[in-house]
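For the sequence shown, our numbering begins at 566 and goes up steadily by one. Input: a single structure, listed below in structure tokens.
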Amino acid sequence: MAKYPAKQPLVSVVDTIAKQLAQIEMDLKSRTAAYSTLKTNLENLEKKSMCVSASLRVWLGRVLAGT
């Protein structure tokens, strides 16, 4: 059986396609928002990691210098 049967009225086929397109758009928006959140979280973790790394270098420098 065809996905969009030729015997169906054109209005019905267009309505079906429009509903599917609306669902795809909603899915895309949802996935884009999730991606954006993950990307922001990753960037924040990388910044924190850089701060911790810098702090460890300073601490290690002091320990090795004997101060």
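The C-beta atom is built at its ideal place from N, Cα and C for all residues, glycine as well. Please read these numbers as outputs of a predicted model, since none were measured by experiment.
- Looking at the backbone, the Cα of Cys616 and that of Ala630 are separated by about 21 Å.
- Look at Gly631 here: in three-state DSSP terms it is coil, with no helix or strand label.
- For Lys568, the three-state secondary structure derived from DSSP is coil.
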